[in-house]
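For the sequence shown, the positions run 139 to 356 when our numbering is used. In this text, a Cβ means the ideal position worked out from N, Cα and C, and glycines have one as well.
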Amino acid sequence: MSENDDIEELFENNRRWAAKILEEDPRAFKDSAIKQNPKYLWIGCSDSRIPAEKILGLQPGDMFVHRNIANICPHTDFNVLSVIEYGVNYLGVEHIIICGHYRCGGVTAAMETAQFGLVDNWLRHIRDVYFSEREEIMKIEDKQKRIDALAERNAIYQALNVCHTTIVQDAWAKGRNLTVHAWIFDVYKGLVKKLGFDVSSLGQIDEIYRTLHIKESP
Ligand code: CO
């Protein structure tokens, strides 16, 4: 198969996909071309094994998606911040899901004494999580389990970062119904799992990271 055939196959797949959608709902593209109304914002890893909408059984229009290497949400990254702002303020999402995954190459690289290129500077965010959590993580004997444990903790730290943005805190101050979740995708089973992090108010985050006072109820 030549390179052109590889690409031609994608167009062929796309034509089949569009025809199937239209067969089920002749108005599908007319409606979705006008507006999107996603309830969820997904922030996940770029890894090709985790197609966000597919694993959750969602349709086009259901979920706003941002993916980067190892699902990192630094407060200085305008890319992820712009996605969060647009999702929260213009699309009105009610859930922000930060989903890590087991066997994450980014997390693995962040635990090694080796250089991979520019990406090492991006992965420094995970190295910092490793540094903070090293005592607990080093108690785990199996190497892959240590990597997977760091992937879980990374998802929680990144969810915390999202809670610490002015965007999310402003939404909460306005009384918006918005919850930030940390999940992990178990690639061994194909299942997503909750990590016990579901935050939906200013009062749930550490006072030091609050940029607004909690309004006293009258
Ligand atoms: Co990954």
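#1: With a threshold of 8 Å, are at least 3 pairs of Cβ atoms found where one atom belongs to the region 239-252 and the other to the region 273-286?
#2: Mapping DSSP to helix, strand and coil, what is Leu229?
#3: Cβ of Phe202 within 8 Å of Cβ of Gly225?
#4: Between Glu279 and the rest of its own chain, which residues show a CB-CB distance below 8 Å, the 5 nearest in sequence each way excluded?
#5: My parser needs the alpha helix (DSSP H) runs of 4 or more residues fully inside the region 235-274; what are they?
#6: Between Leu196, Ile222, Val330 and Gln197, which lies nearest to Arg205 when the distance is taken from Cα to Cα?
#7: Please look up how many angstroms separate the CB atoms of Leu261 and Ala247, rounded, as I've assumed it's under 8 Å.
#8: Tell me whether Arg314 sits in a helix, a strand or coil according to DSSP, three-state version.
#9: Quick check on Ala157 - is its C-beta less than 8 Å from some C-beta in chain C?
#10: Using the beta carbon as the reference atom, which residues fall closer than 6 Å to any heavy atom of ligand 1, ordered along the chain?
#11: Return the chain-ordered list of same chain residues with a C-beta closer than 8 Å to the C-beta of Ile275, the five sequence neighbours on each side being excluded.
#12: Quick one: what does DSSP say Cys301 is sitting in, helix, strand or coil?
#13: With a floor of 4 residues, list each alpha helix (DSSP H) that falls wholly inside the region 154-205, ordered by position along the chain.
#14: If you draw a straight line from the alpha carbon of Leu329 to that of Ile172, how long is it in whole angstroms?
#15: Would you tell me roughly how many angstroms separate the C-alpha atoms of Met180 and Arg314, rounded to the nearest one?
#16: Nearest to Cys237 by alpha carbon, out of Ile352, Gly341, Lys332 and His351?
#17: Tell me where the alpha helix (DSSP H) around Leu350 begins and ends.
#18: Roughly how many whole angstroms lie between the Cα atoms of Leu160 and Phe167?
#19: Could you give the C-beta distance for His233 and Tyr295, rounded to a whole number, given that I count them as a contact under 8 Å?
#20: In the DSSP assignment, what residue or residues form a beta bridge with Val330?
#21: Excluding five sequence neighbours on each side, which residues of the same chain lie with their C-beta closer than 6 Å to the C-beta of Arg270?
#22: Any idea what DSSP makes of Asp336, helix, strand or coil?
With the structure as the only source:
#1: yes
#2: Note: Leu229 maps to coil in three-state DSSP.
#3: Yes, the pair counts as a contact, with Cβ atoms nearer than the cut-off.
#4: none
#5: 243-248
#6: Ile222
#7: 6 Å
#8: coil
#9: Given the protein chain composition of this structure (a single chain), no chain C is represented.
#10: Cys183, Asp185, Ala208, His239, Cys242, Gly243 and Gly244
#11: Correct list, in chain order: Tyr268, Arg284, Ala287, Leu288 and Arg291.
#12: Correct three-state label for Cys301: helix.
#13: 166-172 and 190-194
#14: 33 Å
#15: Strictly speaking, residue 180 in this sequence is Trp, with Met absent from that position. A direct Cα-Cα distance of roughly 18 Å separates Trp180 from Arg314.
#16: Nearest Cα to Cys237 within the set Ile352, Gly341, Lys332 and His351: Lys332.
#17: Where Leu350 is concerned, there is no enclosing alpha helix (DSSP H), given that its DSSP letter is neither H nor E.
#18: 8 Å
#19: Incorrect: roughly 19 Å between the Cβ atoms, too far for contact.
#20: Phe323
#21: According to the sequence provided, residue 270 is Ser. The question's Arg does not apply to it. Hits under 6 Å: none found.
#22: strand
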